Each structure stands twice: as structure tokens, then as C-alpha cells.
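The number in my numbering is simply the position in the sequence shown, starting from 1, with 67 added. We treat Cβ as the ideally placed atom computed from N, Cα and C, and that holds for glycine. Source: prediction; values computed, not measured.
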Amino acid sequence: MSENYLQGNRVIAFQGKFQGKSGEVIRSEYSNPFQHGYIVKLDEEGIEEYILEMDLQTENLKPDDIDVEITELQKLINQEADKISGKVKKELTEHLSHLQNALKSQDKLESDSEYTYISKEMKRVFQDKSIKENVSLKKIKHYWEKSLK
68 MSENYLQGNR VIAFQGKFQG KSGEVIRSEY SNPFQHGYIV KLDEEGIEEY ILEMDLQTEN
128 LKPDDIDVEI TELQKLINQE ADKISGKVKK ELTEHLSHLQ NALKSQDKLE SDSEYTYISK
188 EMKRVFQDKS IKENVSLKKI KHYWEKSLK
């Protein structure tokens, strides 16, 4: 199956060397005229790898997957609680709950608003590259952009 993945698309390798690994498309690349692939930044490893197009498929996240990602963000906030005030911790936790509810109710506008607040606030508070590169945030954004019309 031939797909034209764009930069930022979420994909999963369903066969080959990277089977079962998911990531974000960085760019399209031809290794020769007959082999088309993509440079994909793998989630767990955080490294970029060339993966043949025939080994990839679109990562279709489900609501349960998003619940897991929101739980991961809540864990991160709790782990980093000593770096933030109690008020900010409480606000982030509440906004994550609002985001989860907005996603479940298919409210794209509310999802966008909550996501924007959470991502900006986490970047501001943690002032850390790991927040910018946070896989959970990227998966949530991908989900609401693709699933909520």
C-alpha cells in the first residue's frame, strides 16, 4: 500500500527491523529510484531512522490510547511537582481532566483550547526540552487534529 506521509504524521512500523515501533515522520527520502522511505523519529528511542514506506502504516490512536497518554502526563506532573507550585500543579491536573472530557465529547474547539493551555504552561513551568519533545503531548495533538472534525 502506497501512502504519502507528510512531515509530522504519526506512523507505526508493522513489519521489518522496526516492527511495533511508532514515531513521527520527519521527511520523505528515496534511497534509490525503486525504494521510497521516510526518516521517522522513533518515540521510545528518540532517534531518527530510515524506514521503508512498505513497512509503515498510519498510527490510528483510539480514545483508550489517549487516556493512557493523559495518565502519562499526569504522572510527569506528579514526578516534577517539586519544580512547580501547588497552584500550577492543581491547574494542570484540572486542565488535563478538561482535555480528556473534551476529547471524549468530540469537542474540537475545547480540545484545542485545553491542549494549547496545557502545552504552553508545561513548557513555561518546566522550561525543558523534554516537554517540547513529549511524545504524549504529540500523540494527543495528532489525535484531536485527525479525529475531531
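Original post:
Do Arg94 and Ile79 have their C-beta atoms closer together than 7 angstroms?
Top reply: no
**OP:** With hydrogens ignored, establish whether the beta-carbon of Ser164 is closer than 6 angstroms to any heavy atom of the ligand FAD.
**Re:** Among the components modelled here there is no ligand, and therefore nothing to report on the ligand FAD.
**OP:** If I'm right that Phe81 touches Gln124 with Cβ under 8 angstroms, what's the distance once you round it to whole angstroms?
**Re:** So it is a contact: roughly 5 angstroms between Cβ atoms.
**OP:** Measure the beta-carbon distance from Ser203 to Glu139 and round it to whole angstroms, keeping in mind my assumption that it falls under 8 angstroms.
**Re:** 4 angstroms
Subject >> Check whether Ile137 and Phe85 have beta carbons under 7 angstroms apart >> reply: no
**OP:** Determine the DSSP secondary structure at Ile185, reduced to helix, strand or coil.
**Re:** helix
Original post:
Which residue's Cα is closest to the Cα of Tyr206: Arg191, Glu116, Glu177 and Leu170?
Top reply: Here residue 206 turns out to be Lys, not Tyr, going by the sequence shown. The shortest C-alpha separation from Lys206 is found at Leu170.
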